[in-house]
Amino acid sequence: FFFVQSPMSVLYSFPTADHVSKAVAKYVASKAAACIAETGRFTVALSGGSLPKLLATYLKEDSTVDWTKWYVFFADERVVPLDHMDSNYYACFQELFSKVSIPADQIFPITGGLSAADTAAAYTQAMKGVFGQECAWPSLDCIFLGMGPDGHTCSLFPQHPLLDERQVWIAPILDSPKPPPERVTFTYPVLEAAKEVIFLSAGAGKADMLKQVLEDEVDWKQVPSKNVKCQGSVVWFTDDGATSKLEKTALRKSL
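What follows is the structure, given as structure tokens:
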């Protein structure tokens with residue numbers, strides 16, 4: 001068991017999604033360099049949706065990034081072939097992995113051809129191969145998350161029983177309300193063990209939900225992104241469209 005601070009959010013708001021991509025590239029390049037200097041590696045987890053493009057657009061062009069020290073996991077994944085359009089790995093491959101020099105054996109996709117339950121078990125073992133078999137919870141340097149229009153993150157959906165799962169690192173889900181139905185996902189304790197969580201969320205379509213997450217008195221089980229905590233700050237990179245309905249949250253306009 002480990003202590004988790006009450007969620008402390010840092011929110012950056014930039015004029016457009018393109019500005020968000022530029023800012024997050026600068027921020028992540030600096031963070032990666034600091035982690036590599038301290039520990040010799042940079043351990044991250046990625047998600048799907050709009051996140052791969054937002055993250056990779058400018059980061060992949062940064063010649064200062066030492067990609068050979070990156071270890072990449074997935075905060076959630078759809079139980080589909082890796083070259084399927086629904087695969088988060090495939091989206092990340094298209095936007096990032098195919099453009100940079102992360103060693104193939106330091107990228108950890110799911111094992112294909114298994115049930116969701118067996119996929120979750122196999123993925124847990126793959127992570128323990130990096131973080132240690134005796135490790136209670138993996139302490140990733142950074143987990144990159146998106147937020148769905150219903151407030152879900154990873155594959156932690158509103159009012160789903162998995163919101164209460166605190167025993168396993170990776171949980172299978174067979175009844176995702178958003179297709180495809182079979183997935184695997186990090187549980188809350190894995191997010192809580194991370195050194196930092198970065199949300200990337202852009203567009204006016206996210207404005208109502210972002211207000212619920214950051215300001216409104218709403219049951220977190222209706223808005224799972226609201227319950228995300230980690231060992232450090234939860235950092236949001238958003239655009240002015242997404243933050244347009246916030247009334248109380250301090251917005252940072254530059255790094």
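Start counting the sequence shown at 1; every next residue gets the next number (UniProt numbering).
Even glycine gets a Cβ: it sits at the ideal position worked out from N, Cα and C.
C-beta contact flag for residue i and residue j at 8 Å
i: residue 256; j: Trp70; result: A question about residue 256 goes unanswered here, because the residues of the chain that appear run from 1 up to 255.
i: Leu210; j: Phe144; result: no
i: Ala91; j: Asp62; result: no
i: Leu174; j: Pro181; result: yes
i: Val44; j: Val72; result: yes
i: Ile110; j: Tyr123; result: yes
i: Pro158; j: Val190; result: no
i: residue 304; j: Ser244; result: A question about residue 304 goes unanswered here, because the residues of the chain that appear run from 1 up to 255.
i: Cys230; j: Glu196; result: yes
i: Gly205; j: Pro161; result: no
Nearest-angstrom Cβ-Cβ length linking residue i and residue j, presumed shorter than 8 Å
i: Val28; j: Ala120; result: Rounded, the Cβ-Cβ distance is 27 Å, inconsistent with contact.
i: Asp239; j: His19; result: 7 Å
i: Ile198; j: Val235; result: 5 Å
i: Val100; j: Lys60; result: 5 Å
i: Gly129; j: Ser225; result: With 8 Å as the limit, Gly129 and Ser225 do not qualify as a contact, their Cβ atoms being about 29 Å apart.
i: Leu246; j: Ala23; result: That pair is no contact at about 18 Å.
Rounded C-alpha distance that separates residue i from residue j
i: Thr249; j: Leu214; result: 7 Å
i: Asn227; j: Thr64; result: 34 Å
i: Phe2; j: Ala193; result: With a pLDDT of 46 at Phe2, under the threshold of 50, the predicted position of this residue should be treated as unreliable, though the coordinate-derived value follows. Taking the straight line from one Cα to the other gives about 8 Å.
i: Met147; j: Leu200; result: 8 Å
i: Asp216; j: Val168; result: 30 Å
i: Ala166; j: Phe186; result: Strictly speaking, residue 166 in this sequence is Arg, with Ala absent from that position. Whole-angstrom Cα-Cα distance: 10 Å.
i: Leu140; j: Gly232; result: 11 Å
i: Lys253; j: Ala117; result: 43 Å
i: Glu134; j: Leu251; result: 40 Å
i: Leu51; j: Ala32; result: 18 Å
i: Val4; j: Trp67; result: The pLDDT assigned to Val4 is 49, lower than 50, so where the model puts this residue is not dependable; a value taken from the coordinates is nonetheless given after this. Using only the alpha carbons, I get a separation of about 30 Å.
i: Gln106; j: Ser13; result: 32 Å
i: Asp219; j: Leu82; result: 35 Å
i: Gly48; j: Asp76; result: 8 Å
i: Tyr89; j: Phe74; result: 8 Å
Simplified DSSP assignment, three categories, for residue i
i: Asp18; result: helix
i: Phe2; result: Reliability fails at Phe2, whose pLDDT of 46 lies under 50, so the model's placement of it is uncertain and no value is given.
i: Trp70; result: strand
i: residue 258; result: Past the edges of the chain, shown from 1 to 255, lies residue 258, and the structure says nothing about it.
i: Ala45; result: strand
i: Val223; result: coil
i: Val184; result: strand
i: Val228; result: coil
i: Cys154; result: coil
i: Cys135; result: coil
i: Ser30; result: helix
i: Ser98; result: helix
i: Val213; result: helix
i: Val190; result: helix
Residue range of the beta strand (DSSP E) that includes residue i
i: Pro172; result: 170-173
i: Thr238; result: 234-239
First and last residue of the uninterrupted alpha helix (DSSP H) at residue i
i: Phe93; result: 88-95
i: Met77; result: The sequence shown places Glu at residue 77, not Met. Not the alpha helix (DSSP H): Glu77 falls in the beta strand (DSSP E), residues 76-78.
i: Val130; result: 116-131
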